[in-house]
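Just below is one structure, and these are the notes that go with it.
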Amino acid sequence: MDTGDNLLEVRNLRVRFRLDRENTFEAVKGVSFDVPQNATIALVGESGSGKSVSALAVMGLLPAENAIVEPGSAIAFDGRELLALTVGQRRALCGREMSMIFQEPMSSLNPVFTVGYQIVEVLRLHKGFSTKAARARAIELLEEVGIPEPATRIDYYPNQLSGGQQQRVMIAMAIACEPKLLIADEPTTALDVTIQKQIIELLKALQQRHRMSVLFITHDLALVAEMADRVIVMRHGEVQEQGDTQQVFLRPQHPYTRALLECRPPLDARPHHLPVIDDAMRGDGSTAIVLAERSRGYVDDERPLLVVKNLSKSFYSREGLFGKKEFKAVKDVSFTLPRGKTLGIVGESGSGKTTVGLTLLRLHEATGGQAFFRGKDILAMNSREFHDYKRRLQIVFQNPFASLNPRFTVGQILLEPMRIHNIGADDRERTALCFKWMERVGLQVEAFHRYPHEFSGGQRQRIAIARCLTLHPEVLVCDESVSALDMSVQAQVLNLLQDLQDDFGLSYIFISHDLSVVRYMADRVMVMRDGEVVEMADSDDLYRHPQHPYTQALLAAIPGRQAMA
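Structural data, given as structure tokens:
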């Protein structure tokens, strides 16, 4: 295969996975694309599109026990046919000339070794450095990727670093041998907007400094606008469209690409409903109805459902033999929440936004303050008194797979809280209520007897929402409940939450680091930093005229804000 100016050429790549002895699933179906020298190419698509499988095939990291790369597939890297190499040859190539950054650094970094040890290991294995030379180079790498005090932090364990710093360590490991190709698989998905921006800028700077080629994998088109020279859009294992980034964004040719662009909440409008993939791909004018604007904001004469005054929460750790150290996670936070309204809480990791939600639900015990729900201070109640209020304040967590019992069917998951709170006369009546709520959140009745692992991420989040609704709550805390979802699935869940609020007058505390989503959902936005409220205003006012420098910095870091304007 003649690579010309291309560092990587993939031709007719087909990958199957064995499901059992007789059945297979084709995850990648004849995919072809190029990665030129010193360029950044983005692979874009939803979960299950085949983008990560394609990258793993390039790296030779597909599971040997059940992955099959079909005959006729070809992957050429720098003039060498990778599929013709032995396992040993592929292993020597990976890490030295091509490397990969994964989505979750804590799953990739070994928790029992220091970060310095892990970088040194790469340099000794692939470069033959002595331990002393490798350590000196590791410190240089940590400094290059922006780790403060690298000579000290080289001896830190992964858990002693923040999420953004862990990802920087992964990048340092990936560029240690100055590879020609760097594959970044969703490297910023779980990061705050400001940290995300730092990582993107770091990757761009490293790409230019080391003249690497970068294959950037993501489901977020806004990031692509800032990062990539060319875009390859994948769906169901096939390439739907590819072209220059600006061309794809301004004049998308394929309906699926247009649908992806339309699904993300816009910053300059607030449609009554967000288009979902099926809506946008029909192209029959059926999306016109969703473009009507939704008004937001508190009304002066609204009676608050929830009034929080000077809420505080501290955590304590042992210091010395007898002493203890106090960490103030939440400091004198006050706000109101009327019926049928949404309060958005934004801030970076460690700002205290999640702790506010958990403390209000008494999953953490408050160390100070009051929270009046319909005039009653729920923080001052004993456990027996609060029991009757538990069902009225519910929470939807970020990861539904972690919050749903994997040994319970959907039916058991929905019925259990109803039994605890004596909702329904008997299980027959409760089951009928379950079917009603399942239908309301878009789940088929057949799902009642299935287990959580049999559903997609979006469907699992619907199950978690249905579980809350069975208790007839009045306040729902949504803690990063859509941040890990694809754009189209995210749009479906946001539309569902909007409909439920319209129909039942639910009040939401919507916690998120995605400021585009918060603007779309929230009537009022509370900005937190280091446990304190630095700014609070109606959504439109805050986004148009942010007052605090920290709020201004958060808004400036929204991915694609300038590129997509």
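Residue numbers for the sequence shown follow this note's numbering, beginning at 529 and rising by one. We put the CB at the ideal spot given by N, CA and C, even for glycine.
Apply the 10 Å Cβ neighbour rule to A679 and answer buried if 16 or more other Cβ atoms are within range, or exposed otherwise.
exposed
Beta-carbon gap between G1028 and L1034 smaller than 8 Å
The sequence given here has Leu at residue 1028, not Gly. Against a cut-off of 8 Å, the Cβ pair of L1034 and L1028 comes out as a contact.
Roughly how many angstroms lie between the CA atoms of D533 and A753, to the nearest whole one?
Approximately 24 Å between the Cα atoms of the pair.
Buried or exposed: where does H977 fall if 16 or more other Cβ atoms within 10 Å of its Cβ makes it buried?
So H977 counts as exposed.
C-alpha distance - L921 paired with T614, whole-angstrom precision:
58 Å
Secondary structure at D905, three-state DSSP: helix, strand or coil?
strand
One or two residues paired with I760 in a DSSP bridge:
L571 and Q770
Which one or two residues does DSSP pair with P928 in a beta bridge?
Partner(s): none; P928 has no beta bridge.
Cβ of D955 versus every heavy atom of the ligand SAH: is any distance shorter than 7 Å?
Ligands are entirely absent from the displayed structure, and the ligand SAH is therefore not among its contents.
Starting from G851, follow the beta strand (DSSP E) in both directions and report where the run begins and ends.
G851 to P866 is the extent of the beta strand (DSSP E) around G851.
Take the Cβ of E957 as the centre, count every other Cβ of all protein chains shown within 10 Å, and call the residue buried at 16 or more, exposed below.
Exposed.
If contact is defined by three or more beta carbon pairs under 8 Å, each pair taking one atom from either stretch, is the region 702–720 in contact with the region 651–664?
By the criterion of at least three beta-carbon pairs nearer than 8 Å, the region 651–664 is in contact with the region 702–720.
Segments of 4+ residues assigned as alpha helix (DSSP H) that fall wholly inside the region 967–998
985–997
Apply the 10 Å Cβ neighbour rule to H981 and answer buried if 16 or more other Cβ atoms are within range, or exposed otherwise.
Here H981 is exposed. Its C-beta has fewer than 16 other C-beta atoms within 10 Å.
Assign L535 to one of two classes, buried (16 or more other C-beta atoms within 10 Å of its C-beta) or exposed (fewer than that).
buried
Going by DSSP in three states, Q922 sits in which element: helix, strand or coil?
strand
On the three-state DSSP scale, how would you describe R681?
The three-state reading of DSSP puts R681 in helix, counting H, G and I together.
Between which residues of its own chain and V818 is the CB-CB distance below 8 Å, once the five residues before and five after are set aside?
With a pLDDT of 48 at V818, under the threshold of 50, the predicted position of this residue should be treated as unreliable, though the coordinate-derived value follows. Answer for V818: P799, H800, H801, L802, P803 and D807, listed in chain order.
K557 by DSSP, collapsed to three states: which one?
strand
Could you say if the region 602–613 and the region 725–735 meet the contact criterion of at least three C-beta pairs nearer than 8 Å?
no
Name the DSSP bridge partner or partners of L1004?
Q922 and Y1036
Per DSSP, what kind of secondary structure is Q898 in: helix, strand or coil?
Looking at Q898 - three-state DSSP - the assignment turns out to be strand.
Inter-residue spacing [alpha-carbon to alpha-carbon] between V759 and T746
One C-alpha to the other measures close to 11 Å.
Measuring CB atoms only, is the region 1034–1045 touching the region 1000–1020, in the sense that at least three cross pairs come out at less than 8 Å?
yes
Beta-carbon proximity of I941 to R995, cut-off 8 Å
yes
If the criterion is Cβ atoms closer than 8 Å, does the pair E830 and P866 meet it?
yes
In this structure, how does DSSP classify L889 when only helix, strand and coil are distinguished?
coil
What is the DSSP secondary structure of V835, counted as helix, strand or coil?
strand
Using a Cβ-Cβ cutoff of less than 8 Å, which residues in the same chain neighbour L1083 once the five nearest sequence positions on both sides are dropped?
L1043, Y1071, P1074 and R1089
Buried or exposed, going by whether 16 or more other CB atoms sit within 10 Å of the CB of V538?
Residue burial annotation: V538 is buried, with at least 16 other C-beta atoms found within 10 angstroms of its C-beta.
Classify S1011 as helix, strand or coil using the three-state DSSP reduction.
coil
Give a yes or no on whether the C-beta atoms belonging to P715 and Q694 are separated by under 8 Å.
no
I need the DSSP call for S601, collapsed to helix, strand or coil.
coil
If you follow the alpha helix (DSSP H) that M755 is part of, which residue opens it and which one closes it?
L749 to M755
Quick one: is V973 buried, meaning 16 or more other Cβ sit within 10 Å of its Cβ, or exposed?
Looking at its Cβ environment, which holds fewer than 16 other Cβ atoms inside 10 Å, V973 is exposed.
What span of residues does the alpha helix (DSSP H) with T785 cover, start to end?
P783 to C791
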